[in-house]
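Residue numbers (the numbering used here): 111 to 234.
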């Protein structure tokens, strides 16, 4: 799960930098949406909010193992929510959405495995 959180965090950081410094490459996606011409807002939401939750999961994984499951659950849910919201706002589903949304889903799956959801439960 740590590797997934680091990958997601770095990806959101890259997305934020691209939105801030080369916003024109996203014109075809954002034109006609609530984020048309609001690249700074989109960048902050992606890099700070979504990426921040991923970095928090990395920190919890390394420094607060008691909170590892909660942190990765939140990170996975926030990523899935971001991807779903982005697809709804721009009206398009592209392969990167499947990739990053899939990694968010794998974070959630990792938590369920960690918590033993797939282990046989004792009978009473």
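Beta carbons are placed, not taken as given, at the ideal position from N, Cα and C, and that holds for glycine.
Treat the numbers as computed from the prediction; the structure is a model and nothing was measured.
Practice problem: Quick one: which unbroken alpha helix (DSSP H) runs of 4-plus residues sit fully inside the segment 151–191? Chain order, please. | Solution: Counting whole runs of 4 or more residues, the segment 151–191 contains the alpha helix (DSSP H) stretches 161–173.
Quiz item: On the three-state DSSP scale, how would you describe residue 214?
Solution: It is helical.
Exercise. Look at the Cβ atom of residue 144, then the Cβ atom of residue 199, and state whether they are nearer than 8 Å.
Key: Here residue 144 is near residue 199, since their CB atoms are less than 8 Å apart.
Exercise. Compute the minimum distance between the beta carbon of residue 124 and the heavy atoms of the ligand NAD, and state whether it is under 7 Å.
Key: For the structure depicted, the ligand NAD is absent and the ligand set is empty, with no information on it obtainable.
Quiz item: CB-CB under 6 Å to residue 126, same chain, minus the five flanking residues each way: which ones, in chain order?
Solution: Sequence-distant Cβ neighbours of residue 126 in its own chain, meaning closer than 6 Å and more than five residues away, are 153, 156, 157.
Quiz prompt | Sequence-distant residues of its chain with Cβ nearer than 7 Å to residue 216 (five each side left out) | solution = These residues qualify, in order along the chain: 114.
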